[in-house]
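To start, the structure itself, in C-alpha cells.
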Amino acid sequence: MSTGSRAATRRPRRSLAPYAFLAPAVLLFAAFLALPIGYAVYLSLRTVKVRGLGLGKGSREQVWAGLSNYSKALTDPDFAASVLRVAAYGVIVVPTMLGLALLFALLLDTPRARARKFSRLAIFLPYAVPAVISSLLWGFLYLPSVSPFHHVADRLGWPLPDLLSSGNVIFAVANIAVWGGVGFNMVVIYTALKAIPSEIYEAAELDGCGQIAIAWRIKVPVVLPSLIMTFVFSLIATLQVFAEPVTLRPLTNTISSTWTPLMKVYRDAFTRDDLHSAAATSVILAFATFVLSYGFLRLVQSRAFGQENR
Amino acid sequence: MRRHIGLGLTAFAAAAALLLAGCSGSDEPAAEQGPKENVKLTFWTWAPNMDKVVATWNAAHPEIQVTVNKQDGGDPAVTKLLTAIKAGSGAPDVMQAEYQKIPTLVSADALADLTGKLDQGTAGHFPETVWKSVTLGTDAVYGVPQDSGPMQFYYRTDIFKQYGLQVPTTWDEYAQVARKLHAADPKKYLGTFSANDPGWFAGLAQQAGASWWSIDGESWSVSVDDEPTVKVADFWGGLVQDGVIDNKPMYTPEWNAALNNGTQVGWLSAIWAPGVLEGNAAATKGKWAMAPMPQWTPDQPATGNWGGSATSVTSQSKHPAEAAKFIEWLNTSPEAVTALAKVSGVYPSDQPGQAAALSAPPAFFANQPDFYPKAAEIAKTARSFTFGPNVNVAYSAYTDEFGKAAQAKSKAGFTAAIKAMQTTTLENLKSSGFSVK
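Take a look at the structure:
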C-alpha cells in the first residue's frame, strides 16, 4: 500500500491507470476461475478416511491423498471406456455437424436461394431448445412403442431398428447433439460468408467459375478461420457431453452411470459422495480439454491465420 | 485524500460493528431470562400435501412453528442435505429420510441421535423390523418411522380371466404364468425386469431372505452375493433370457403406455402402487387387483419392502428437542397418522393408528374392499433387511451391471452382475477406510 501511494504521488496517471483498468478482469478471473480451479486441485489431493463403522461424530476425517485420486481415475476401466466412447462420439458428431453447418451456410449464400430468412431461422431454432428438453423429445421419438416413426414404419412393414440398443445408442445421442448444434455453427459460418466482398465473386465469374467452384475455391478458404473456431467449440462441447445421455438414461438399459467422463464426475460427487475423486477427474478433464484445444490451435494457426499475422 | 476518507469510513464501520456486537452480546442473557421465544423449524419433505398435515400442528403449537420446504424426492434431497452438512450450514431441522439412506446420512454425521428425546413408548408403535431401520441395530435412534412399502403383486384381472390364468402363489407358478401369457400373446408380458430400480430388486432379495449389509461387532460385512440374492437374480435372468419377461426399465413413457394398453399385465410393486397406476394408467381403473407376493417357501410367507421413509432431525438443528417432539406427533399421534394417510396418501408405519387411518380402499382399487386389511396381513410378513453406509454405491452398481445383463438378455450376465455389485460395494467400503469383515 505504501509503495503504491508513493508511486501514485510521483507519477499519478501512467502507472496506476493500467492496473485500474485490469482490476475488474483480474478480480473476476481470480474469484470465479482461478480460485475454484485452485480449490478443485486442492480437493483432488485430499481424501476422506473413515474409522470403524463410520457411524456417529468424528468417525471421518480429511487427509492428504497425494496423487492417489489421479491414479485411481486413470486406471479406472469405466473412465477409460467413457473416454473412448466420447472419442467415438466426437468422431460422429463433429464432422457431421460442421459438414451440415457448412453445407447449409453455402446453400443459403448462393444467389438462387429462396426463403432465406425462414430457412435460416428454421435451421437455427433447435439451438434455442435446451438440451434436456430436446433429449426428452428425441427420447419419445426413439422409444419403439411410443414413437410415431416406429408406428408408421410398422404399418408399412419396414420395422425400424431400436435406436436405444447397445450398438445404436451412441448414434441416438449424437443425433440430438447434431440437431441442436448445426444451427449455431451455420450462423457463425454464414456470417463469415456475408463478409466476403462481392467483387471477388464477380471476378471469379468473369474467369468462368460456376457456383460450386466459387464455393470450393473462394468461400471455403475464406471462412476457414470460422470453421476452426467452430471446430474448437465443438471439440470442447464433445468432451463435456452430459445433459443428453443423462436425460436419456432412465429410458434405457444401455447408458451406464459413467457413460461419459462428466457423468463419472457427477456419479463420484453426488452418488458416491466422493468429492475428491470427482475433483481429480475434473482436473484431468480440464487438462485434456486445454491440451486438445490449444494443441489444435497451434497446429492450424500458421495455416489459417498466417495471412492475418503477416 | 480519498484514502483518508476510506480509512475513516473503515474505522467508523469497525466501531459500529463493535458497538453492535456489544449490544447483541449484552442482549443474550436477557433473552434467556425472559419468556421462551418461539422456535421455528424447517422441514424438508417430498410427501404430497405435507404442509396441510403440518398446519394442524402449527395451529396447536404456536411455540413450535414448522415450515415445510418441498423437495424433489429422496435422492436430490439427500444430495442437498449432504452438501449443507459439508458446508456447515443450510440444513433443515427436520428431514424426510428413506430407510436405505439412513446409514449413509448417519455416516456423514448428518442426523442427530434422538436417544432420550422421544417418548418411551415410541418404539412400540412400529413393527420391530421397521424400528430397526432407524436404530441401525445400535442404541442410538436416528428418526421416527413414517411410512413403509411392503411389496405385493398387482395384476390385471380382466386379462387374467381372458387367458384363463391363475394368480401365482409361488415363484414357480409366476414363471409358468409368465410363459403361458407370453405364448398366448407374444406382445404381452407378466412383468418387466427393471435395471433402473435397485430398490425394487433389493425388495425382491429381501423377500427371499437376503440382507446385504450387517454389523458384526465393530465391522461391516457385505453380502450382496448371498444365496437368496443369487437365487433371485438367476430366476429373473432365466425369464429374461427366455424372453417371457420384458427387459425394459420401469417408469418410462414406454412402460406407462404398456400399463395402459395391457401389454404389461402385472406389476410386482408396493403398497403405494395404486397412486402410481392411477397417475400412469388412468384408463385401467377397476381392472387391477392386489395379491400377496409369489413365494419361495409357501408355508413361510414373506415379503420385502420397496420404499418407505422415516422423519429425522439433522445434526445442524439448534432445537433437537422441539424437533423430536414434532416428528413424534407427526408419526405416532392418531390425528397426524390419519392425516398422513388421507391427505398425503402415505401408508403409515404406525401400527395403532394404521387401521383407523386406512378404513376405505384406495379409489383406484374400489373393486377390492379388503385392500388395506389384506395389505396389513402381508406387511406383517416383511423380512428384516440391514442397509449399509454405501447403499448409493451398491445401487448405482446395480443400474450399471443389470443394465448390461438385461440388455444382453443373458442368465449368466445376471449372475455376473450380482458378483460385480458385491465387488464394487465391498471395495468401496474398504477403500473409504471402513472396518470391513
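Protein chains in written order, with UniProt numbering: chain A, 1 to 310; chain B, 1 to 437. Ideal Cβ positions, reconstructed from N, Cα and C, are used throughout, including at glycine. Remember, it's a predicted structure, so these values are computed and weren't measured experimentally.
Can you list, in chain order, the residues of its chain with a C-beta nearer than 6 Å to that of residue i? Leave out the 5 residues immediately preceding and following it.
{"i": "Trp267/B", "result": "Tyr154"}
{"i": "Thr192/B", "result": "Asp246, Lys248"}
{"i": "Glu28/B", "result": "Caution applies to Glu28/B, whose pLDDT of 39 falls short of 50 and renders its modelled position unreliable; the value that the coordinates give is listed next. Closer than 6 Å at the Cβ level, and outside the excluded window around Glu28/B, lies no residue."}
Taking 8 Å as the threshold (beta carbon to beta carbon), is residue i in contact with chain D?
{"i": "Gln407/B", "result": "You won't find chain D in this structure, because its protein chains are A and B."}
Apart from the five residues just before and just after residue i, which ones in its own chain have a Cβ nearer than 8 Å to its Cβ?
{"i": "residue 340/A", "result": "Lying outside 1 to 310, the shown extent of chain A, residue 340/A is not represented and no answer is given."}
{"i": "Ser82/A", "result": "Thr258, Trp259, Thr260, Pro261, Met263, Lys264"}
Using the C-alpha atoms, what's the distance from residue j back to residue i?
{"i": "Ala34/A", "j": "Ser431/B", "result": "31 Å"}
{"i": "Ala233/B", "j": "Val436/B", "result": "25 Å"}
{"i": "Val187/A", "j": "Val220/A", "result": "15 Å"}
{"i": "Val53/B", "j": "Val144/B", "result": "16 Å"}
{"i": "Asn280/A", "j": "Leu45/A", "result": "The amino acid at residue 280/A is misidentified as Asn; the sequence shows Ala. Their Cα atoms are separated by approximately 8 Å."}
{"i": "Gly116/B", "j": "Tyr99/B", "result": "21 Å"}
{"i": "Ala20/A", "j": "Phe29/A", "result": "15 Å"}
{"i": "Ala205/B", "j": "Gly199/B", "result": "10 Å"}
{"i": "Gly210/A", "j": "Gly181/A", "result": "30 Å"}
{"i": "Val93/A", "j": "Val86/A", "result": "10 Å"}
{"i": "Arg383/B", "j": "His61/B", "result": "38 Å"}
{"i": "Ser194/B", "j": "Thr311/B", "result": "28 Å"}
{"i": "Arg267/A", "j": "Lys132/B", "result": "29 Å"}
{"i": "Thr191/A", "j": "Leu121/A", "result": "14 Å"}
{"i": "Gln368/B", "j": "Glu278/B", "result": "15 Å"}
{"i": "Phe434/B", "j": "Gly137/B", "result": "17 Å"}
{"i": "Lys411/B", "j": "Ala405/B", "result": "8 Å"}
{"i": "residue 438/B", "j": "Ala281/B", "result": "Any answer about residue 438/B is impossible in this case: the structure gives chain B only from 1 up to 437."}
{"i": "Pro352/B", "j": "Val343/B", "result": "18 Å"}
{"i": "Gln316/B", "j": "Pro103/B", "result": "17 Å"}
Looking at residue i: is its Cβ nearer than 8 Å to the Cβ of residue j?
{"i": "Val265/B", "j": "Tyr174/B", "result": "no"}
{"i": "Phe326/B", "j": "Trp57/B", "result": "yes"}
{"i": "Lys374/B", "j": "Met290/B", "result": "yes"}
{"i": "Trp272/B", "j": "Gly149/B", "result": "yes"}
{"i": "Gln354/B", "j": "Ala376/B", "result": "yes"}
{"i": "Ile176/A", "j": "Ser135/A", "result": "yes"}
{"i": "Phe402/B", "j": "Ala417/B", "result": "yes"}
{"i": "Ala91/B", "j": "Asp113/B", "result": "no"}
{"i": "Gln146/B", "j": "Val313/B", "result": "no"}
{"i": "Tyr127/A", "j": "Gly183/A", "result": "yes"}
{"i": "Val240/B", "j": "Lys409/B", "result": "yes"}
{"i": "Pro348/B", "j": "Ala356/B", "result": "no"}
{"i": "Val187/B", "j": "Thr252/B", "result": "Checking the sequence, you will find Lys at residue 187/B rather than Val. No, the Cβ-Cβ distance between Lys187/B and Thr252/B is not below 8 Å."}
{"i": "Lys287/B", "j": "Asp185/B", "result": "no"}
{"i": "Val106/B", "j": "Phe43/B", "result": "no"}
Can a CB atom of chain A be found closer than 8 Å to the CB of residue i?
{"i": "Gly237/B", "result": "no"}
{"i": "Ile102/B", "result": "no"}
{"i": "Thr10/B", "result": "Bear in mind that a pLDDT of 42 at Thr10/B, under 50, signals an unreliable position, so the model cannot answer this."}
{"i": "Thr252/B", "result": "yes"}
{"i": "Pro362/B", "result": "no"}
{"i": "Asp400/B", "result": "yes"}
For residue i, count neighbouring Cβ atoms within 10 angstroms of its own Cβ and tell me buried if that reaches 16, exposed if not.
{"i": "Val152/A", "result": "exposed"}
{"i": "Trp216/A", "result": "exposed"}
{"i": "Ile123/A", "result": "buried"}
{"i": "Arg112/A", "result": "exposed"}
{"i": "Thr75/A", "result": "exposed"}
{"i": "Ile378/B", "result": "buried"}
{"i": "Val393/B", "result": "buried"}
{"i": "Tyr398/B", "result": "buried"}
{"i": "Ser59/A", "result": "buried"}
{"i": "Ser15/A", "result": "exposed"}
Taking 8 Å as the threshold (beta carbon to beta carbon), is residue i in contact with chain B?
{"i": "Ala17/A", "result": "no"}
{"i": "Asp162/A", "result": "no"}
{"i": "Leu28/A", "result": "no"}
{"i": "Phe270/A", "result": "yes"}
{"i": "Thr75/A", "result": "no"}
{"i": "Asp273/A", "result": "yes"}
{"i": "Ala7/A", "result": "Residue placement at Ala7/A is poorly supported in this model, since its pLDDT is 48, which falls under 50; the coordinates still yield a value, given next. Taking Cβ atoms only, chain B never reaches closer than 8 Å to Ala7/A, which makes this a no."}
{"i": "Tyr70/A", "result": "no"}
{"i": "Gly54/A", "result": "yes"}
{"i": "Val265/A", "result": "no"}
Mind checking whether the beta-carbon of residue i lies closer than 7 Å to any heavy atom of the ligand COA?
{"i": "Ala258/B", "result": "The ligand content of the structure shown is nil, which means the ligand COA is not present either."}
Going along the chain, which residues of its own chain have a beta-carbon closer than 7 Å to the beta-carbon of residue i, five neighbours each way excluded?
{"i": "Lys294/B", "result": "Before going on, a small fix: residue 294/B reads as Pro here, not Lys. So the list reads Phe153, Pro168, Thr169, Thr170, Trp171, Glu173, Tyr174, once near-sequence residues are dropped."}
{"i": "Val41/A", "result": "Val283"}
{"i": "Tyr294/A", "result": "none"}
{"i": "Pro301/B", "result": "Pro292, Gln295, Thr381"}
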